[in-house]
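Protein sequence lines correspond, in order, to chains A and B. Under UniProt numbering, the first residue of the first sequence carries the number 1, and numbering increases by one thereafter. Under UniProt numbering, the first residue of the second sequence carries the number 1, and numbering increases by one thereafter. See structure below.
Protein chains: 2
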Amino acid sequence: MKKDIEQRLKNKNINPTAMRLLVLDFLTQQNAAISLNDLEKGMEPSDRITLYRTLKTFEEKGLVHHIDDGTGTTKYALCLEECDGDHHHDLHVHFYCTSCKETFCLPNTKIPEISLPKKFRPEEMNLVIKGICDHCSPD
Amino acid sequence: MKKDIEQRLKNKNINPTAMRLLVLDFLTQQNAAISLNDLEKGMEPSDRITLYRTLKTFEEKGLVHHIDDGTGTTKYALCLEECDGDHHHDLHVHFYCTSCKETFCLPNTKIPEISLPKKFRPEEMNLVIKGICDHCSPD
DNA sequence: CTAACATTGCAATAGCATTGCATCATTATT
DNA sequence: AATAATGATGCAATGCTATTGCAATGTTAG
Chain A
1 MKKDIEQRLK NKNINPTAMR LLVLDFLTQQ NAAISLNDLE KGMEPSDRIT
51 LYRTLKTFEE KGLVHHIDDG TGTTKYALCL EECDGDHHHD LHVHFYCTSC
101 KETFCLPNTK IPEISLPKKF RPEEMNLVIK GICDHCSPD
Chain B
1 MKKDIEQRLK NKNINPTAMR LLVLDFLTQQ NAAISLNDLE KGMEPSDRIT
51 LYRTLKTFEE KGLVHHIDDG TGTTKYALCL EECDGDHHHD LHVHFYCTSC
101 KETFCLPNTK IPEISLPKKF RPEEMNLVIK GICDHCSPD
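Below is the structure:
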């Protein structure tokens, strides 16, 4: 188990320290994107800034991506696709549930092609949908 | 001229004070979405908080919408469509230019239909595309 | 004219993101 | 094995944006 996680770090060229193993382990257990605060609370006692930098390192190496879901606090989630530092391929949709306040990645829901006005050159896209998630939705 | 602006406020049920006329006038002169800071600098000397509240009032009444373009600072732009406080119909795409750092509304570029996984109920959508805008794009 | 209400301006605060620096750990070098 | 060099961690401190409380001012209605 631990080996998997360690290997995963190495694959991304990230030095597998104890802290990083713990953080990555914690991240894999989440089914929603989490904030720095969530991470801090879930990993007590740990230094907030170290966690912050750990996430930043992970992001630079293409292991996690951050999500700006419009709530004002940045959320982080593991990349499913093969990303590297230069190119995050997280072109999937993110969903923010206004009921349970959770933010989810919808990795199978891709952003459709969009035809922009002339001479606009897209490089990155970020689509956040707000609404009610499957858990909070009545049958 | 001034009359137009005044009428526009009245149409949205906003008390047309001197400050509000000035702010709306300033907003109509912009071709990009602006931050609170931009507004403050463009309207000196004016109180930042008053401007903040003016924007908030405008938004509640459906005159402007705010854009979270991922830069960390909220931008504001006039609504083109017929919005009211309850329903902002700003389902157009927003474009953030990484070159000139400006954020634009693309009112004619609508967000396409997206099929979500079962039981996810969308209510709002926010699509921000980052890249190079028409002005910064080489011919 | 005065009371009631809306708007404005100042002061203060909260929360998240971020940096500087000192300490500790790990790896490379001789 | 000892030491230098590099990387990781933890603490303190800061910056910036958003936001609220309250007092002062302006505006409207009776």
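Each residue gets a CB set at the ideal place from its N, CA and C atoms; glycine is no exception. Note that the structure is a prediction, hence the values are computed from the model and not measured.
Check, Outcome
"Would you kindly report the start and end of the unbroken alpha helix (DSSP H) that includes A/MET19?", "18-28"
"My assumption, with CB atoms under 8 Å, is that A/ASP69 sits in contact with A/HIS94. Please give the rounded CB distance.", "6 Å"
"Terminal residues of the continuous beta strand (DSSP E) containing A/ASN108?", "103-110"
"Under 7 Å between the Cβ atoms of B/LEU63 and B/TYR52?", "no"
"What runs of the alpha helix (DSSP H), each 4 residues or longer, lie entirely inside the stretch 30-88 of chain B?", "36-42, 48-60"
"Using the three-state DSSP reduction, which class does A/ILE132 fall into: helix, strand or coil?", "strand"
"Return the chain-ordered list of same chain residues with a C-beta closer than 8 Å to the C-beta of A/THR98, the five sequence neighbours on each side being excluded.", "LYS130, GLY131, ILE132"
"Would you call B/ARG48 buried or exposed, if buried means 16 or more other Cβ atoms sit within 10 Å of its Cβ?", "exposed"
"Beta carbons nearer than 9 Å to chain A: which residues of the stretch 46-67 of chain B have them?", "none"
"Going by C-alpha to C-alpha distance, which of A/MET19, A/GLU44, A/LEU78 sits closest to A/PHE104?", "A/LEU78"
"In terms of residue numbering, what span does the beta strand (DSSP E) encompassing A/PHE120 cover?", "Taken as a continuous stretch (DSSP letters only), A/PHE120 belongs to no beta strand (DSSP E), as it is neither H nor E."
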